[in-house]
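Asker: Residue numbers (the working numbering), protein chains in the order written: chain X, 10 to 420; chain S, 395 to 660.
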Amino acid sequence: MREDVKGWLGGERNFRLASAVTVLAVLAGFTIQYALGGEGLPMLFWPLNALFILVLAALLFLLGTAFRQNAFVSWLGGIPLGLSLIFALVFLSLIGGFVQQGVASGDAVLDRLGMNRIFSGWPFLFVVLLFLCNLGLSVVWKTIPFRISNLQFMLFHGGFWIALACGLAGASDLQRLIIPVYEGRASSQGFIPQENRMVQLPFSVYLDDFSIEEYTPRIVLYDPENDRVLTGKAEGTAEVGKGFRSEWPGFSVTVLDYLPNALPGPDGTPRQADEKHGIPYARVRIAAGEIHSDHWLNTGSPSIKPGVVQIERYFLVMFPGTPRVFRSGVVLKGSGGSSTAAELEVNKPVSFEGWKLYQMGYDEKAGRWSELSLIEAVRDPWLPVVYFGFFMIMAGNALFFWKGMKQGEIL
Amino acid sequence: MMPVEFSVIAMSVMAAWALGSLLGIPAKRYAVLRFPAYGIMIAGTLLLGWFIAAYWIALERPPLRTLGETRLWYAALIPVVGFLVEYRWKIAWLKYYCMALASFFLAINLAHPEVFDKALMPALQSVWFIPHVVVYLVGYVLLAASSAAAWHNIISGFRSRPELIGYSISHYLALLGFVLLTFGLVFGALWAKEAWGHYWTWDPKETWAFISWMAYLGYMHLSAIRTEKNRLQWYLAVSFLVLLVCWFGVNYLPSAQNSVHSYQSG
Chain X
10 MREDVKGWLG
20 GERNFRLASA
30 VTVLAVLAGF
40 TIQYALGGEG
50 LPMLFWPLNA
60 LFILVLAALL
70 FLLGTAFRQN
80 AFVSWLGGIP
90 LGLSLIFALV
100 FLSLIGGFVQ
110 QGVASGDAVL
120 DRLGMNRIFS
130 GWPFLFVVLL
140 FLCNLGLSVV
150 WKTIPFRISN
160 LQFMLFHGGF
170 WIALACGLAG
180 ASDLQRLIIP
190 VYEGRASSQG
200 FIPQENRMVQ
210 LPFSVYLDDF
220 SIEEYTPRIV
230 LYDPENDRVL
240 TGKAEGTAEV
250 GKGFRSEWPG
260 FSVTVLDYLP
270 NALPGPDGTP
280 RQADEKHGIP
290 YARVRIAAGE
300 IHSDHWLNTG
310 SPSIKPGVVQ
320 IERYFLVMFP
330 GTPRVFRSGV
340 VLKGSGGSST
350 AAELEVNKPV
360 SFEGWKLYQM
370 GYDEKAGRWS
380 ELSLIEAVRD
390 PWLPVVYFGF
400 FMIMAGNALF
410 FWKGMKQGEI
420 L
Chain S
395 MMPVEFSVIA
405 MSVMAAWALG
415 SLLGIPAKRY
425 AVLRFPAYGI
435 MIAGTLLLGW
445 FIAAYWIALE
455 RPPLRTLGET
465 RLWYAALIPV
475 VGFLVEYRWK
485 IAWLKYYCMA
495 LASFFLAINL
505 AHPEVFDKAL
515 MPALQSVWFI
525 PHVVVYLVGY
535 VLLAASSAAA
545 WHNIISGFRS
555 RPELIGYSIS
565 HYLALLGFVL
575 LTFGLVFGAL
585 WAKEAWGHYW
595 TWDPKETWAF
605 ISWMAYLGYM
615 HLSAIRTEKN
625 RLQWYLAVSF
635 LVLLVCWFGV
645 NYLPSAQNSV
655 HSYQSG
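1. Would you kindly work out how many angstroms separate the C-alpha atoms of Ala291 (chain X) and Ser382 (chain X), rounded to a whole number?
2. Under 8 Å between C-beta atoms, does Glu557 (chain S) make it to chain X?
3. Can you list the residues of chain S that Glu385 (chain X) reaches, using a CB-CB cut of under 8 Å?
4. For Thr74 (chain X), is the classification buried or exposed, using 16 other Cβ atoms within 10 angstroms of its Cβ as the cut-off for buried?
5. Beta strand (DSSP E) containing Met207 (chain X): first to last residue?
6. Taking the alpha carbon of Lys314 (chain X) as the point to measure from, which residue in X:Val229, X:Gly193, X:Pro273 and X:Gln281 has its own alpha carbon closest?
7. Mind checking which residues open and close the beta strand (DSSP E) that includes Tyr367 (chain X)?
8. Chain S beta carbons: is any one of them nearer than 8 Å to that of Leu98 (chain X)?
9. Note down, in chain order, each residue of its chain lying with its Cβ closer than 7 Å to the Cβ of Ala469 (chain S), except the 5 sequence neighbours on either side.
10. Could you tell me which of X:Leu98, X:Thr349 and X:Gly46 sits nearest to Arg121 (chain X), measuring between CA atoms?
11. Rounded C-beta distance between Val636 (chain S) and Ile605 (chain S)? I'm assuming under 8 Å.
12. Nearest chain S C-beta to Arg237 (chain X) closer than 8 Å, yes or no?
13. How should Met435 (chain S) be labelled, buried or exposed, when 16 other C-beta atoms within 10 angstroms of its C-beta is the threshold for buried?
14. Compare the C-alpha of Met369 (chain X) against each of X:Val355, X:Gly298, X:Phe410 and X:Tyr224 and name the closest.
15. By a C-beta neighbour count over all protein chains shown, 10 Å radius and 16 as the cutoff for buried, is Gly571 (chain S) buried or exposed?
16. Give me the Cα-Cα distance between Tyr449 (chain S) and Val407 (chain S), rounded to the nearest whole angstrom.
17. List the endpoints of the continuous alpha helix (DSSP H) containing Gln42 (chain X).
18. Is it the case that the Cβ atoms of Ile188 (chain X) and Ala386 (chain X) are separated by a distance below 8 Å?
19. Looking at Leu458 (chain S): is its Cβ nearer than 8 Å to the Cβ of Val529 (chain S)?
20. DSSP state of Trp257 (chain X), grouped into three classes?
21. DSSP three-state call for His335 (chain X): helix, strand or coil?
22. Using 8 Å as the limit for Cβ to Cβ distance, is Leu65 (chain X) near chain S?
23. Please confirm whether Pro289 (chain X) and Pro226 (chain X) have their CB atoms less than 8 Å apart.
24. List the residues that DSSP assigns as beta-bridge partners of Pro358 (chain X).
25. Quick one: is Asn205 (chain X) buried, meaning 16 or more other Cβ sit within 10 Å of its Cβ, or exposed?
26. Going along the stretch 91-118 of chain X in order, which residues come within less than 7 Å of chain S, judged by CB to CB distance?
27. Ignore the nearest five residues each way along the sequence and tell me which others in Phe76 (chain X)'s own chain have a CB closer than 7 Å to its CB.
28. For a contact meaning CB atoms closer than 7 Å, what does Asn406 (chain X) contact in chain S?
29. What whole-angstrom Cβ distance do Gly105 (chain X) and Trp596 (chain S) have, given they're in contact under 8 Å?
30. Report yes or no: is there a C-beta of chain S within less than 8 Å of the C-beta of Phe399 (chain X)?
31. Find out if the Cβ-Cβ distance for the pair Ile619 (chain S), Ile563 (chain S) is shorter than 8 Å.
32. Within this structure, are the beta carbons of Leu98 (chain X) and Val136 (chain X) separated by less than 8 Å?
33. Over the uninterrupted beta strand (DSSP E) stretch that includes Asn307 (chain X), give me the two end residues.
34. If I follow the unbroken beta strand (DSSP E) through Gln281 (chain X), where does it start and stop?
35. For the stretch 579-592 of chain S against the stretch 346-366 of chain X, are there 3 or more C-beta pairs whose distance is under 8 Å?
36. Within 10 angstroms of the Cβ of Gln161 (chain X), are there 16 or more other Cβ atoms? Answer buried if so, exposed if not.
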């Protein structure tokens with residue numbers, strides 16, 4: 010269905026109607042949002058949301074097949090409306106991209122219009138619903154009658170429809186809980202931050218061990234008066250270790266010896282220790298012209314005072330490195346009595362009885378000495394359907410790339 | 395340890411591009427100058443490529459984490475698009491726009507030298523890191539080149555009728571860029587599920603990625619209904635600005651205060 014259009018909106022009734030309807034949908038959404046006092050959307054839970062999607066899909070199928078020649082239906086599934094809705098989605102997303110979401114802005118009118126939660130508001134709902142109708146009809150038309158040449162269109166548009174519809178309708182069934190758990194203890198309580206309440210989980214998490222590995226520490230000059238950190242001029246990316254040298258105006262610091270894991274011996278000199286208890290120590294030479302002196306620096310721990318050197322009104326200190334890995338060794342116990350040992354790390358979630366468990370955080374003030382681990386538990390029954398949509402989009406995309414390249418030959 | 399100072403490299407690269415471009419003017423007349431002109435320009439890009447490789451080795455991780463690092467890749471790759479387009483379709487002008495854009499990004503890096511930091515935070519340690527960032531990077535490069543072509547078409551449209559092939563260049567670059575943008579977006583969603591527990595949370599960076607994707611989706615449809623070519627050039631030229639916000643601007647927006655995508659050090 011290709012029509013020659015002069016300009017974006019000019020001289021084409023379809024476009025005028027499409028943009029008018031889209032603008033009306035957005036305005037109506039904001040009006041309802043405001044009238045309801047900023048109330049969010051009523052959520053449909055399982056199985057109502059699934060039913061809703063099935064009915065919508067069936068309706069679109071019926072409209073697309075039985076009423077294909079109808080002027081209204083062909084407008085509803087046409088590119089002019091699709092384009093208007095794309096721009097409306099861009100407009101609403103721009104609001105979401107500029108206004109901080111999820112927090113009260115302090116402006117009563119803006120909050121009542123739902124500007125700070127635009128993606129769960131009425132205007133977004135109306136635009137998405139129209140968009141799903143538009144997209145859905147176009148998929149029906151390209152699918153029936155089936156032609157292999159339309160495969161790319163079906164996969165891309167159909168996948169987008171499935172991912173969008175199921176992702177949004179299934180959002181109500183998504184559960185995300187935070188489980189705080191201390192070393193040597195078990196927890197079966199999850200915290201829902203949005204609702205500020207604890208809920209009982211169908212399983213329990215026992216934290217056997219929480220550990221953090223750190224990157225190498227940094228040697229910097231601390232200015233306590235201005236609470237400032239002065240980084241010396243070191244050569245490139247060279248990290249702290251034997252031979253590391255850094256310069257500040259007037260003096261230089263050279264590392265004579267470096268022990269990544271050490272503890273003070275009986276006479277106070279640091280000795281090699283195990284990874285779990287030891288802390289980084291560095292023997293440094295501070296030199297200003299001909300004068301020099303040697304000192305031990307360390308990063309400190311709850312039981313060891315950080316080793317620093319005072320230089321006039323500054324302190325030469327060794328800061329612990331940023332975390333490289335943090336992991337929780339846990340034992341998961343299910344409702345049926347099943348028990349599994351697992352290691353949780355960032356980017357390495359573990360699946361357990363329909364839930365996915367993530368290493369989320371820890372007590373950042375305590376750093377590597379934290380005994381608290383924050384574990385996130387997520388249950389998303391709609392995930393497989395949404396992923397199916399994603400993979401359809403990617404397959405369509407790959408075909409598009411291939412076809413696009415081939416068409417490129419006409420140049 | 396850095397083999398050479400970045401500023402020396404950046405200056406040399408920009409000088410090579412400038413010199414090569416200047417030599418390109420007399421090279422139109424004197425064919426003997428063509429080889430040195432191209433040689434110098436390509437040497438500039440090769441030098442930057444070598445620097446990225448050395449930097450990668452020194453950091454012991456791919457230099458793709460901070461915005462400054464992605465700008466390095468951008469500066470190296472976008473002239474490559476210009477050269478390839480010239481090689482394939484015999485269009486010479488695109489490379490100059492590309493080198494100008496690349497120099498602009500090198501200049502930003504010169505003005506804001508970053509502390510070299512090897513640390514790669516746990517959230518970024520994933521098999522998705524390289525595909526997600528590389529696909530986006532190449533996508534941005536192509537769309538930047540597309541917008542450069544669009545600007546060229548607009549400017550030459552003021553003076554005379556632009557060549558039809560100019561429209562094709564901006565169109566096909568946008569098309570390719572959109573394909574990569576789509577892959578980047580979906581890869582990002584799949585990674586987010588592994589790292590943060592959900593594939594889509596309307597984090598500011600995600601929102602802006604969605605806006606840019608929709609903007610180019612809009613282009614695909616405007617082009618499908620044969621919108622007038624000159625308007626499409628304006629559309630492409632402006633769409634890239636949205637992409638720039640997504641790439642560099644998001645971190646400065648008030649909406650991004652709690653963004654999970656802020657990886658800037660210090």
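Even for Gly, the Cβ is constructed at its ideal location relative to N, Cα and C. All values derive from a computational prediction rather than experimental measurement.
Answerer: Short version:
1. 30 Å
2. no
3. Gly591
4. exposed
5. Arg206 to Glu223
6. When each option's Cα is compared against that of Lys314 (chain X), the closest is X:Pro273.
7. Trp364 to Tyr371
8. yes
9. Leu442, Ala496, Phe499 and Leu500
10. X:Gly46
11. Sure, about 6 Å apart at Cβ, within 8 Å.
12. no
13. Buried.
14. X:Val355
15. buried
16. 16 Å
17. Arg22 to Ala44
18. Result yes, Cβ atoms of Ile188 (chain X) and Ala386 (chain X) sit closer than 8 Å.
19. The Cβ atoms of Leu458 (chain S) and Val529 (chain S) lie no closer than 8 Å to each other.
20. strand
21. Note on residue identity: the sequence assigns Phe, not His, to residue 335 (chain X). Three-state DSSP puts Phe335 (chain X) in a strand.
22. no
23. Taking 8 Å as the Cβ cut-off, Pro289 (chain X) and Pro226 (chain X) qualify as a contacting pair.
24. Beta-bridge pairing links Pro358 (chain X) to no other residue.
25. Exposed, by the Cβ-count rule.
26. Gly91, Leu92, Ile95, Phe96, Leu98, Val99, Ser102, Leu103, Gly105, Gly106, Phe107, Val108, Gln109 and Gln110
27. Val82
28. Within chain S, the residues near Asn406 (chain X) are Val573, Thr576 and Phe577.
29. 6 Å
30. True, the Cβ-Cβ gap to chain S drops below 8 Å.
31. Their beta carbons are not under 8 Å apart, which means Ile619 (chain S) does not touch Ile563 (chain S) by this criterion.
32. yes
33. Ile300 to Asn307
34. Pro279 to Gln281 is the span of the beta strand (DSSP E), which, as asked, contains Gln281 (chain X).
35. yes
36. Buried is the call here.
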